[in-house]
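First up is the structure itself, then whatever we jot down about it.
Number of protein chains: 2
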Amino acid sequence: MMKKKISIKDIAKLTDTSITTVSFVLNGKGRISKEISKKILDVAQKNGYEPNRMAVGLRTGVSKVIGLIVESIGGPFFGEMAKVIEEEAEKSGYRIIYCSTNNNLQKGKDMIRMLTQQLVDGYIITPMKGLEKDIQSLVDNEKPVVLIDGYFPGTNIPHVLVDNFASAYNAVDCFVRSGYKNIGMVTADLGLIQLNDRSLGYKAALKDNKLKDSSKMVLKIPFDMDKNEGVEAVKAFIDKQKQMDAVFFTTNYLGTMGLQAIKDLKLRIPEDLAVISFDDNEVFSLYPPGITTIQQPTYDIAKSAIDILMAQINTHKLDASKIDLQIPSKLIERGSTLAKASA
Amino acid sequence: MMKKKISIKDIAKLTDTSITTVSFVLNGKGRISKEISKKILDVAQKNGYEPNRMAVGLRTGVSKVIGLIVESIGGPFFGEMAKVIEEEAEKSGYRIIYCSTNNNLQKGKDMIRMLTQQLVDGYIITPMKGLEKDIQSLVDNEKPVVLIDGYFPGTNIPHVLVDNFASAYNAVDCFVRSGYKNIGMVTADLGLIQLNDRSLGYKAALKDNKLKDSSKMVLKIPFDMDKNEGVEAVKAFIDKQKQMDAVFFTTNYLGTMGLQAIKDLKLRIPEDLAVISFDDNEVFSLYPPGITTIQQPTYDIAKSAIDILMAQINTHKLDASKIDLQIPSKLIERGSTLAKASA
DNA sequence: ACGATTTGGTAAAACGTTTTATTTATTTAG
DNA sequence: CTAAATAAATAAAACGTTTTACCAAATCGT
């Protein structure tokens, strides 16, 4: 069966024309008569001609592929993001090669290097500590790059992410509105700027609400701790913070860990402890009594990232107004932040 | 800054050798003296030479890219799968281009066509109804293909998936062991063979346990129903099946829908209704009292798929013994199937 | 009617590799 | 010492496109 793929040369032969003519017709470039055009188009159609992307890529230097480097394609946040990114990119005729770094610096570096082998036309990357230089060197080499979910302060690498500071600030505000005053936070020790911004938002909100700055009520989970250890750590933390009546988890990973911990401790939500977590997902909407979350605008982030990347790819310039794009999040209020019964 | 990428030709010039020599050294092919080899290697190293994948691909016809076509990269099951697949493929120097079909036939067809443009060396596909011919034609054209999560009966396209029949059978058995006798099922109307196999397993188990065949206790959710409608449908179903004391959801999507429905109806699990769902995930482990699930061996499936695909790619033959690979699942028993209090 | 422009078309180079066939120099066998 | 084998290196073709530069024929303006 194995019909060998047909090339532009074959079409030229079949139509008694030249390679150039065929190429022109297929790309609508030169000026070729209606007649010949039609004949060529017909033959191409009939034989199911598809251009050889390798040849095109070699000749033009354009692969129509973009590289996506995320922490873990398996996670709910990045998974959803990856999906939207693929769908949007497809509209521009681009395909996506992805890889997960698992927050492993070496893997990140390797991936950037791999993809740089003239394989991709641009990058969407979730930055991590230590990757600055590698990414900057991409930018210096005029490779289109957009960061998502994080950024490198003080550089001009375009990035699009949720407004982490405001989001965390709003979370605290929500607790306060519902009458909670001893608000703790559980975050992770990954050196990620986004987590730092969330911490800052939390602290600023505490201050603005004239709540005692509770730096004591903050737990940082070390980055190399596994899920079970994390649960134990959160349990210990909650146990120790006797007066804490609300807790803010800065990632959905931490949030589900937290739920497990709270469940293990047999505490009631929100009576014993009110809860807000970053990143909405099914667990939080389903878990009784419903967990209030900060829902990231996944679609908007992905769409903007692609748009900015495409603009770079097409214009070879980067729009200075699009370097720092922070998109507001949405607070989804559920049972876990019901107004506190006045003591 | 923009140092232009160095080519094999540049290296030849820099070392006073020929293109061929450089290529040979870099690929360890011809026989070149230690001396010259070292010089070339040094220069290549120093200048950060990376081969142009397009040129290599054009010349060799090998892209070192494999195409992954799944229902939705965003889902927990396929997301996890995608992650493992990428990690395993990477070990063989392969990268992954993915796309989500969202169970849309046209998108599936388009994707297969896109990727066929000499862009990928092989495919991992979750099959869907209507895609048989397109996939068969890949196989006929000697493209390496492995199906995951489903298969086409009566074809010899290699596939690896969980043992759906046995898994469903075991679920029913688990209910029975715990004393449940009126076991319903909620499944989807997607025309997917894997769902059909699950239904068959369920029915066989009912029969073997001498339970009345409860074809009345089966709900099929139409494939175009959205989540809210689905929840309503499940609620209506549960409401109508007065005597039903246990229900089996054939996908995790249906399972979470089911939990929502049960929650809305204010039924207790497992006292009012015992529950088992296909596909383990965080929701099920966390949701009180813990939902018993059929955990698919994601890693094993992904690993086997890659192995089989690589074997095809490398040998250009397909190992007849590896065409139908069904891997056992693991039943994770939780609170939702606690032994029934005797009536 | 004659140079100038337009129209329709093509030859050939280039992109960066891999690989076959060949050449030259050196070693080995007898 | 010569023929044969081997070692080291290379020239050139090929992969399938895109694109520049060019050519011949037809059309134009005056």
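In order, the protein sequence lines correspond to chains A and B.
Numbering of the first sequence is given in the numbering used here, commencing with residue 960 and proceeding in unit increments.
Numbering of the second sequence is given in the numbering used here, commencing with residue 960 and proceeding in unit increments.
C-beta: ideal position from N, C-alpha, C; glycine also.
Quantities reported herein were computed from a predicted structural model and do not represent experimental measurements.
message = One question on the structure: do B/Glu1030 and B/Thr1075 come within less than 8 Å of each other, judged by their Cβ atoms?
response = No.
message = Which same chain residues end up closer than 6 Å to B/Met1269 when comparing Cβ atoms and leaving out the 5 residues on each side of it in sequence?
response = Excluding residues up to 5 positions away in sequence, Ser1051 lie with their Cβ nearer than 6 Å to the Cβ of B/Met1269 in the same chain.
request  = Step through the CB atoms of chain A and report whether any lies within less than 8 Å of the CB of B/Lys1050.
outcome  = Taking a beta-carbon distance threshold of 8 Å, B/Lys1050 does not count as an interface residue toward chain A.
ask   = With a Cβ-Cβ cutoff of 8 Å, do A/Leu1027 and A/Tyr1008 count as a contact?
value = In terms of Cβ geometry, A/Leu1027 and A/Tyr1008 do not form a close pair [threshold 8 Å].
key: CB contact check: A/Ile1055 to chain B, cutoff 8 Å   = At a cut-off of 8 Å between beta-carbon atoms, A/Ile1055 makes contact with chain B.
key: Segment limits, beta strand (DSSP E) that includes B/Val1021   = Annotation: B/Val1021 is outside any beta strand (DSSP E) and is labelled neither H nor E by DSSP.
task = Taking A/Phe1124 as the reference, give the member of A/Asn1273, A/Glu1091, A/Pro1287 with the closest Cα.
result = Among A/Asn1273, A/Glu1091, A/Pro1287, the Cα nearest to that of A/Phe1124 is on A/Pro1287.
query = Would you report the Cα separation of A/Ile999 and A/Val981, rounded to the nearest angstrom?
reply = Cα-Cα distance, rounded: 7 Å.
query = With which residues is A/Leu1120 paired in a DSSP beta bridge?
reply = BP columns for A/Leu1120 point to A/Gln1285.
ask   = The beta strand (DSSP E) spanning A/Ala1233 covers which residue range?
value = Counting along the chain, the beta strand (DSSP E) containing A/Ala1233 begins and ends at 1233–1237.
task = Measure from the alpha carbon of A/Val1021 to the alpha carbon of each residue in B/Asn1141, B/Gly1109, B/Met1013, then state which is nearest.
result = Closest option to A/Val1021, judged by alpha-carbon separation, among B/Asn1141, B/Gly1109, B/Met1013: B/Met1013.
query = From the DSSP output, which residues share a beta bridge with B/Asp1148?
reply = Partner(s): B/Pro1181.
ask   = Between which two residues does the alpha helix (DSSP H) carrying A/Arg905 extend?
value = This structure gives no information on residue 905 of chain A, because the portion of chain A shown stretches from 960 to 1302.
Cut-off 6 Å between Cβ atoms - residues of its own chain near A/Gly1214, not counting five sequence neighbours on either side = Only Phe1208, Ser1236 meet the Cβ criterion.
message = 8 Å is my cut-off, CB to CB: does A/Asn1006 come that close to chain B?
response = No, A/Asn1006 lies away from the interface with chain B (no Cβ there is under 8 Å from its Cβ).
query = Hey, how far is the Cα of A/Thr1210 from the Cα of A/Ile1253?
reply = Within the model, the alpha-carbon separation for A/Thr1210 versus A/Ile1253 is close to 9 Å.
query = Among all the DSSP beta bridges, which residues are the ones paired with A/Arg1054?
reply = The partner list for A/Arg1054 (beta bridge, DSSP) reads A/Val1024.
ask   = Between B/Ala1233, B/Val1234, B/Pro1229, B/Ser966, which lies nearest to A/Gln1077 when the distance is taken from Cα to Cα?
value = For A/Gln1077, the nearest C-alpha among the options comes from B/Ser966.
query = Just the Cα atoms here: how many angstroms apart are A/Met960 and B/Asp1099?
reply = For A/Met960, the predicted structure reports a pLDDT of 45, less than 50, and the residue's modelled location is therefore unreliable. A value from the coordinates is still provided. A/Met960 and B/Asp1099 have their alpha carbons spaced roughly 6 Å apart.
ask   = Where A/Glu1101 and A/Ile1032 are concerned, what is the direct C-alpha to C-alpha distance, given to the nearest angstrom?
value = Spanning the two alpha carbons is a distance of roughly 26 Å.
key: Buried versus exposed, by CB contacts within 10 Å (16 or more), B/His1118   = Around the CB of B/His1118, 16 or more other CB atoms lie within 10 Å, so the residue is classed as buried.
task = Kindly say whether B/Lys1042, judged by its beta-carbon, lies nearer than 8 Å to any beta-carbon of chain A.
result = Interface flag for B/Lys1042 against chain A is set, since a Cβ pair is found closer than 8 Å.
inquiry  = Comparing C-alpha positions only, which one of A/Lys1289, A/Ser1295, A/Thr974, A/Asp1283 sits nearest to A/Asn1115?
reply    = Closest option to A/Asn1115, Cα to Cα, is A/Asp1283.
query = For a contact meaning CB atoms closer than 8 Å, what does B/Leu1245 contact in chain A?
reply = Result: Thr1215, Leu1218, Gln1219, Lys1222, Val1242, Tyr1246.
request  = For the alpha helix (DSSP H) containing B/Tyr1258, list its first residue and its last residue.
outcome  = For B/Tyr1258, the enclosing alpha helix (DSSP H) covers residues 1257–1274.
task = Let me know if A/Asp1148 comes out buried or exposed under the rule of 16 or more other beta-carbons within 10 Å of its beta-carbon.
result = Exposed: under 16 other Cβ atoms inside 10 Å.
task = Spell out whether any CB of chain A is found under 8 Å from the CB atom of B/Met1013.
result = B/Met1013 counts as touching chain A.
message = Quick check on DSSP: helix, strand or coil for B/Thr1296?
response = In the three-state scheme derived from DSSP, where H, G and I count as helix and E and B as strand, B/Thr1296 is classed as helix.
Contact between the segment 990–997 of chain B and the segment 1035–1046 of chain B (3+ Cβ pairs under 8 Å) = No, the segment 990–997 of chain B does not touch the segment 1035–1046 of chain B.
message = Between B/Gly1067 and chain A, is the shortest Cβ-Cβ distance under 8 Å, so that the two count as touching?
response = No, because no Cβ of chain A sits closer than 8 Å to the Cβ of B/Gly1067.
task = Report all residues from its chain with a CB closer than 7 Å to the CB of A/Glu1039; omit the five preceding and five following residues, and keep chain order.
result = If the five residues before and after A/Glu1039 are omitted, its C-beta is found closer than 7 Å to the C-beta atoms of Thr1257, all from its own chain and listed in chain order.
inquiry  = Judging by CA-CA distance, which residue of B/Tyr1110, B/Lys972, B/Arg1054 is the nearest neighbour of B/Ile1025?
reply    = The residue with the shortest Cα to Cα distance from B/Ile1025 is B/Arg1054.
request  = Measure from the C-beta of A/Met960 to each C-beta in chain B and report whether the shortest distance is under 8 Å.
outcome  = Because the pLDDT at A/Met960 is just 45, under 50, the model does not fix this residue reliably, and the value given afterwards should be weighed accordingly. A/Met960 counts as touching chain B.
key: As assigned by DSSP and simplified to three states, the class of B/Leu1277   = The three-state secondary structure of B/Leu1277, taken from DSSP, is coil.
task = Could you spell out the range, first to last residue, of the beta strand (DSSP E) harbouring B/Phe1208?
result = Boundaries of the beta strand (DSSP E) harbouring B/Phe1208: 1205–1208, taken from the DSSP string.
key: chain A contact residues for B/Pro1117, given Cβ-Cβ distances below 9 Å   = None at all; the shortest Cβ gap to chain A is about 18 Å.
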